[in-house]
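Listed in order, the protein sequences are those of chains R and H.
Counting from 2, one number per residue, gives the positions in the first sequence under the working numbering.
Counting from 2, one number per residue, gives the positions in the second sequence under the working numbering.
Here a beta-carbon is modelled for each residue, glycine too, at the ideal position from N, C-alpha and C.
Just so we're clear, the structure is a prediction, and the values are computed from it rather than from any experiment.
I have placed the structure first, in the form of structure tokens, so that the comments after it can refer back to it.
2 protein chains.
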Amino acid sequence: MADYPSEQEAVNNYDSSQYITPDGYTSDIAVFTITAEEYIKNPKVSTSKELKIMLIKRAAVDAAGRPNIEGGKWALPGGFIDGRTKETALEAAARELEEETGISGIFLKHFGVYDEFGRDKRGWIIANAHYAIVPEQALSKRKAADDAVEVQLFSIDEVFSLNLAFDHRKIIKDAISFIERDLIETKVAKNFLPEEFTLSELQSVLLTVSNNPRITTKSVFFAKVPKLAFIEKVYDEDGNPKKTERNSYRPSQLYRFNDVEVIKSIYE
Amino acid sequence: MADYPSEQEAVNNYDSSQYITPDGYTSDIAVFTITAEEYIKNPKVSTSKELKIMLIKRAAVDAAGRPNIEGGKWALPGGFIDGRTKETALEAAARELEEETGISGIFLKHFGVYDEFGRDKRGWIIANAHYAIVPEQALSKRKAADDAVEVQLFSIDEVFSLNLAFDHRKIIKDAISFIERDLIETKVAKNFLPEEFTLSELQSVLLTVSNNPRITTKSVFFAKVPKLAFIEKVYDEDGNPKKTERNSYRPSQLYRFNDVEVIKSIYE
DNA sequence: CGAATAGTGTCTTTGAGACACTATTTG
DNA sequence: CAAATAGTGTCTCAAAGACACTATTCG
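Right, here's the structure in full:
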């Protein structure tokens, strides 16, 4: 390697001041949950679930009492990443989410970068957008943080009638597209469910985003899902099928996702 | 809105110096093409196509004659984004790609952000990774740019035996996963093909990344594809089926992708 | 006619989807 | 037994997949 410069020499030759670098680097999170409506809409369909997104209302003034940018508007939780913490955007999102909800190990996925000049009046601010999936119970522990004065869940229908901060309307729209697509094209439904779930529970999650007959038709769904390679039946210590009675009097079989990868060709 | 601060007041209250901001913001591009091997491997299979990625060899010294970081290694084309240009990472990638290949309107998709601290010795450098699809002919026009001394196409098999710069091994690995998945789960195969293509041409593109029997089996593929909602038969001005003889003596029917969206459930 | 690519026909097995039926438990 | 959820059985039609057959053109 004698032909090549020493690493240190090369590093010293980089002068970051030759470029204008970003004025800020942020991490935003679209937090989704599925809420169960407990009332009975139809004698044959007892519970109906709905996909919701969590937003915060930005405070009018910041902690120091100065006017807050985009104050009073609804926004995605998130914030600036400080180079001193040496965090990645994903790590920062995970930490912020944990601070906000009090739970760790939440599913989090990066889905886009928003770096258009002018998207934030304060300068050239790069936003990393993520979506998170949180079980409903966990959100009851939520608490207001930092400059958030109010936290609320909105259905997909109502969220776009709100007064949204920055370019969050576009980010939220994208987040919803991603989660709706991922729920049926990938195994993320897993994150809305317990480790071990029944076929009805899986079906009710999928029904929040799809009306595909292979999901809505009971005989088809119940016949097909146990045969899928990425889903397996759960057995107890004695090797007997493991069942639960949490949803009904009659015990129902438990299933779980395994590690088999899925790729679904559009040409089949 | 009298309760909320004026926008200008709020903007003035933001002090970017309270955070350590990134030292650099870059755009990298994994350029893919499919090359046709002209030789005949098997009397029954006349042409075989292969997916390849384009890399550049980083110069040992920069334009000013100083040692170049990661000089001599193979890397993804790309470069720093300067805030003065007010470009997004995607726009910068498109421009760089056009400068590199001399062609415009290339398909380009963002697939990831690499912002781990320590991934670049020069500081906290954020990389936006994209993949691009370029028809083979276009790459013949390629020319070395900037600090690139050499440009070369590598097959997926051979690329990982190279000495790769920065964390480009991981980025390339991710790019390959994305393009292989997207080729069969989305309509991106479109970008490797002419506007109007034959079933055999589509099949040979898909065969570079899949051995799914519904793609490899001729009777199934030829029967199925013309019935797909997102693909349509092409007709000429007189309303007759439009055919080409570019691949054979016998004319073959032309098809094109239309704007129908595809979502393929893993539960069906 | 042979070579080369582009398809089509046919047959068997599997799966989709509709819908009515059975099973398990509690009160 | 009624209510509530969890499944299964059956029937029809459509699609998957294997593989052999036909079609078009050139030289």
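Through-space distance from residue j to residue i, alpha-carbon basis
{"i": "residue 34(R)", "j": "residue 53(R)", "result": "5 Å"}
{"i": "residue 81(R)", "j": "residue 130(H)", "result": "22 Å"}
{"i": "residue 153(R)", "j": "residue 135(R)", "result": "14 Å"}
{"i": "residue 49(R)", "j": "residue 259(H)", "result": "36 Å"}
{"i": "residue 218(R)", "j": "residue 103(R)", "result": "38 Å"}
{"i": "residue 36(R)", "j": "residue 216(H)", "result": "41 Å"}
{"i": "residue 171(H)", "j": "residue 261(R)", "result": "22 Å"}
{"i": "residue 253(R)", "j": "residue 222(R)", "result": "15 Å"}
{"i": "residue 121(H)", "j": "residue 75(H)", "result": "15 Å"}
{"i": "residue 205(H)", "j": "residue 231(R)", "result": "29 Å"}
{"i": "residue 229(R)", "j": "residue 89(H)", "result": "42 Å"}
{"i": "residue 220(R)", "j": "residue 220(H)", "result": "31 Å"}
{"i": "residue 58(R)", "j": "residue 213(R)", "result": "35 Å"}
Interface flag, residue i vs chain R, CB-CB below 8 Å
{"i": "residue 233(H)", "result": "no"}
{"i": "residue 268(H)", "result": "yes"}
{"i": "residue 110(H)", "result": "no"}
{"i": "residue 68(H)", "result": "yes"}
{"i": "residue 185(H)", "result": "yes"}
{"i": "residue 213(H)", "result": "yes"}
{"i": "residue 265(H)", "result": "yes"}
{"i": "residue 193(H)", "result": "no"}
Under 8 Å by beta carbon: chain R residues contacting residue i
{"i": "residue 89(H)", "result": "116, 117, 118"}
Any C-beta of chain H under 8 Å from that of residue i
{"i": "residue 24(R)", "result": "yes"}
{"i": "residue 157(R)", "result": "no"}
{"i": "residue 218(R)", "result": "no"}
{"i": "residue 34(R)", "result": "no"}
{"i": "residue 148(R)", "result": "Residue confidence is low: residue 148(R) scores 47 on pLDDT, short of 50, so the model does not pin down where it sits. Its coordinate-derived value is still stated next. False, the Cβ-Cβ gap to chain H never drops below 8 Å."}
{"i": "residue 10(R)", "result": "yes"}
{"i": "residue 229(R)", "result": "yes"}
Whole-number beta carbon distance between residue j and residue i, since they are thought to touch under 8 Å
{"i": "residue 95(H)", "j": "residue 32(H)", "result": "That pair is no contact at about 12 Å."}
{"i": "residue 27(H)", "j": "residue 127(H)", "result": "7 Å"}
{"i": "residue 91(H)", "j": "residue 109(H)", "result": "7 Å"}
{"i": "residue 256(R)", "j": "residue 198(R)", "result": "6 Å"}
{"i": "residue 190(H)", "j": "residue 203(H)", "result": "6 Å"}
{"i": "residue 30(R)", "j": "residue 97(R)", "result": "7 Å"}
{"i": "residue 265(R)", "j": "residue 186(H)", "result": "6 Å"}
{"i": "residue 226(H)", "j": "residue 250(R)", "result": "So it is not a contact: roughly 49 Å between Cβ atoms."}
{"i": "residue 123(R)", "j": "residue 12(H)", "result": "6 Å"}
7 Å Cβ cut-off: residues of chain H touching residue i
{"i": "residue 81(R)", "result": "20"}
{"i": "residue 129(R)", "result": "114"}
{"i": "residue 135(R)", "result": "In chain order: nothing, as chain H lies at least about 22 Å away."}
Partner residues on chain H for residue i, Cβ-Cβ distance less than 9 Å
{"i": "residue 226(R)", "result": "268"}
Under 9 Å from the C-beta of residue i: neighbouring residues of chain R
{"i": "residue 125(H)", "result": "26, 84, 87"}
{"i": "residue 257(H)", "result": "By Cβ distance, chain R contributes nothing, its closest Cβ being about 15 Å from residue 257(H), past 9 Å."}
Within chain R, partners of residue i - CB distance below 7 Å
{"i": "residue 206(H)", "result": "Near residue 206(H) there are no residues of chain R at all, since even the closest Cβ is about 11 Å away, more than 7 Å."}
Contacts that residue i makes with chain H (C-beta to C-beta distance below 8 Å)
{"i": "residue 182(R)", "result": "264"}
{"i": "residue 56(R)", "result": "Ordered by position in chain H, no residue passes the 8 Å Cβ test against residue 56(R), which lies about 17 Å from the chain."}
Check whether the segment 56-64 of chain R and the segment 104-118 of chain R are in contact - that is, three or more C-beta pairs closer than 8 Å. no
Counting Cβ pairs, one atom from each stretch, are 3 or more of them under 8 Å apart for the segment 64-74 of chain R and the segment 159-166 of chain R? yes
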